[in-house]
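Each residue of the sequence shown is one higher than the last, beginning at 1 in full-length UniProt numbering. Take a look at the structure set out below.
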Amino acid sequence: MQLGRSSLTPQEREHRMQSKLCMYCGRPGHFVSRCPVKARGSSVGRKLLVSHASIKTFQEKRPLFHIKLFLPEGSDALSTFIDSGADASIMDEGLVQQLGINRVPLPRPVAVHTLDGHLLGTDQTAPIHMLLSGNHHETVQFHILSSTRILVILGYPWLRRHNPHLDWATGAILGQVCLQGADVSRRTTATKSTPEVVGVPSMYHDFREVFSKARALALPPNRPYDCAINLLPGTSPPRGRLFSLSAPERGAMDTYINDSLAAGIIRPSSSPAGAGFFFVGKKDKTLRPCIDYRGLNDITIKNRYPLPLSCCKEPPSSPNSTSETPITWYGSGKGMSGRRPSTPRQDATNISLCLSDLLTPQEFSRPW
């Protein structure tokens with residue numbers, strides 16, 4: 001079987017396109033998709049790259065990932081192909097017509113022809129609400145092309161946007177590092193995951209999302225004020241020990257792992273470091289998972305800083321306004337003196353004082 005030929009020069013390719021010649025054999029009257037020379041497997045005029053090969057070598061199926069599209073007429077479960085070589089996310093034109101998805105023109109329509117002379121589409125779908133991996137919602141738009149074998153393709157822009165952790169062997173998405181830009185404003189499944197409010201006073205109904213188990217299984221988006229875990233110099237994460245589990249605990253462990261993998265909260269790792277994991281019984285006879293982070297806490301740089309006391313919010317002698325100012329005092333007894341917190345001393349004690357606009361700065365800056 002002939003698998004390929006040496007590529008055409010840019011001049012030859014342009015000549016054949018302008019003259020409407022076959023890109024394979026260079027003859028007029030047909031395109032490469034119906035080239036009789038290509039159908040016979042002839043090697044006329046070009047260097048043969050591979051002469052014969054078994055087609056069974058290329059019959060291994062690549063895994064497909066599962067998505068659900070929410071449309072005005074209902075939801076549809078589909079299989080999608082994730083391709084890092086695709087420059088855009090693509091949907092088959094026949095599928096667009098079958099599902100009744102609206103078409104919109106591209107912001108900058110570009111007429112692109114394939115090698116066989118067909119014109120590629122210049123339209124895209126209207127924004128579609130998509131559910132992926134069971135818990136990730138976003139609004140996407142697909143370029144519309146004619147593709148009878150693979151109906152939906154998520155391309156490189158989608159991969160770059162979310163940077164997911166893919167298991168290529170099983171076709172599963174184990175977790176997502178970043179979900180920036182994911183539009184979840186059109187979650188049609190929110191009513192299914194809304195906690196029951198039967199018997200709860202109406203004044204507390206606004207807080208029902210706080211007790212949503214579905215929301216608890218999703219990680220919050222990355223934000224600038226996320227906490228960092230900084231280790232002490234010369235230390236490394238500890239290695240947690242294994243705990244023996246009973247049959248109910250093992251079942252709870254399997255459930256926890258499967259649910260967390262599907263939600264993207266955890267992902268497999270080959271690191272030798274890790275915290276211990278065990279279960280604690282609850283009053284309702286269920287098991288609560290616990291992770292022993294005490295070893296990690298012992299080697300973590302503590303982010304300590306003074307916090308103002310709640311009593312400082314009460315103004316002394318009922319002034320019009322108050323302010324909270326942490327002041328550092330050094331020494332003891334009559335020798336105490338006010339210094340800036342940046343002054344290096346070993347006997348410093350942080351306290352929080354309440355100052356009002358009735359007190360002048362001079363009262364706190366006189367020498368002792």
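For every residue, glycine included, the Cβ atom is placed at its ideal position computed from N, Cα and C.
Bridge partners - residue i, DSSP secondary structure assignment
i, result
"K68", "A77 and L131"
"F277", "I291"
"T300", "L231"
"M91", "I144 and V152"
"R239", "G274"
DSSP-derived helix/strand/coil call for residue i
i, result
"M23", "coil"
"R149", "coil"
"R13", "helix"
"Q141", "coil"
"H136", "strand"
"I82", "strand"
"D206", "helix"
"S352", "Here S352 scores only 37 on pLDDT, less than 50, and its place in the model is too uncertain to base an answer on."
"R161", "helix"
"R267", "coil"
"C104", "Checking the sequence shown, residue 104 turns out to be Val, not Cys. It is a strand residue."
"P248", "helix"
"L154", "strand"
"P28", "strand"
"R215", "helix"
"T125", "strand"
"L166", "strand"
"R223", "coil"
"R34", "helix"
"Q18", "helix"
"L309", "coil"
"V96", "helix"
"D254", "helix"
"G261", "Checking the displayed sequence, the identity of residue 261 turns out to be Leu instead of Gly. In this structure, L261 counts as helix in the three-state DSSP scheme."
"S342", "Note that S342 has pLDDT 45, beneath the 50 cutoff, so the model's placement of it is unreliable and the number below is only indicative. Of the three classes helix, strand and coil, the one that applies to S342 here is coil, per DSSP."
C-beta contact flag for residue i and residue j at 8 Å
i, j, result
"L95", "L132", "no"
"E93", "L145", "yes"
"H15", "C22", "no"
"residue 369", "P238", "For residue 369 there is no data in the structure shown, the boundaries of the chain being 1 and 368."
"F277", "P289", "yes"
"I299", "L231", "yes"
"A275", "Y256", "no"
"P10", "K20", "no"
"residue 369", "A263", "The requested residue 369 is not part of the displayed model; the chain covers only 1 to 368."
"A126", "N102", "yes"
Counted within 10 angstroms of its Cβ, other Cβ atoms place residue i as buried (16 or more) or exposed
i, result
"Q124", "buried"
"V280", "exposed"
"P272", "exposed"
"S168", "Looking at the sequence provided, one finds Trp at residue 168 rather than Ser. W168 is exposed by the Cβ-count criterion."
"K334", "Below a pLDDT of 50, predicted positions are generally treated as unreliable, and K334, at 40, falls in that range; the measurement from the model is reported next regardless. Label assigned to K334: exposed."
"L261", "buried"
"I266", "exposed"
"P105", "exposed"
"L219", "exposed"
"A247", "exposed"
"E73", "exposed"
"P164", "buried"
"E138", "buried"
"A216", "exposed"
"H205", "exposed"
"residue 372", "The chain is shown only over 1 to 368; residue 372 falls outside these bounds and no answer can be derived."
"F243", "exposed"
"F207", "exposed"
"V140", "buried"
"Y24", "buried"
"E12", "exposed"
Inter-residue CB distance, residue i and residue j (contact presumed, cutoff 8 Å)
i, j, result
"L159", "I82", "7 Å"
"M130", "I67", "6 Å"
"T80", "F65", "5 Å"
"A88", "P157", "6 Å"
CB contact below 8 Å: residue i versus chain B
i, result
"H205", "No chain B is present in this structure, which holds just one protein chain."
beta-carbon residue i near the ligand NAP non-hydrogen atom, thresh 7 Å
i, result
"R16", "Of ligands this structure carries none, so the ligand NAP is not represented either."
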